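For the sequence shown, the numbering used here gives the first residue as 1015, with consecutive numbering after it.
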Amino acid sequence: MEISFFLQVLAQTLSIYTFVLVVRVLLSWFPNLDWSNPLLASLSSITDPYLNIFRGLIPPIGGLDLSALIAFFALQISSGLISQLALSTAPGFASFQ
């Protein structure tokens, strides 16, 4: 298995996770949702461990949880770096430089 393929899969996985995280953050704006619903509980269990890392760093300001912004920023930087690394290790990349 080629390393660039693995990195491309990882970058795509991070893109999907970013989408799931966006859905989670948007749903958090609706206070009347039943988070014990199996679908919402699954969504929460997938995203909350990652968000909790940043919630510990940035306390809510005036009731607003800004930690999601930092979480998205970190995820985007990671995804971009992995995508660039995947491109640089792809076969034939050196011929384009």
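Glycine is no exception: its CB is placed at the ideal position from the N, C-alpha and C atoms.
It should be emphasised that the depicted structure is a prediction, and the values quoted were computed from it without experimental measurement.
- Counting C-beta atoms within 10 angstroms of its own C-beta, S1081 has 16 or more neighbours from the protein chains shown and is therefore classed as buried.
- Nearest C-alpha to A1085 among V1034, Q1026 and F1020: V1034.
- Non-local beta-carbon contacts of S1093 in its own chain, meaning distances under 8 Å to residues more than five positions away in sequence, involve A1025, L1028, S1029 and T1032 in chain order.
- Excluding residues up to 5 positions away in sequence, A1055 and S1058 lie with their Cβ nearer than 7 Å to the Cβ of W1049 in the same chain.
- Excluding the 5 residues flanking it on each side, L1065 has same chain C-beta neighbours closer than 6 Å at A1085, in chain order.
- When the beta-carbon positions are compared, A1100 and L1021 come within less than 8 Å of each other.
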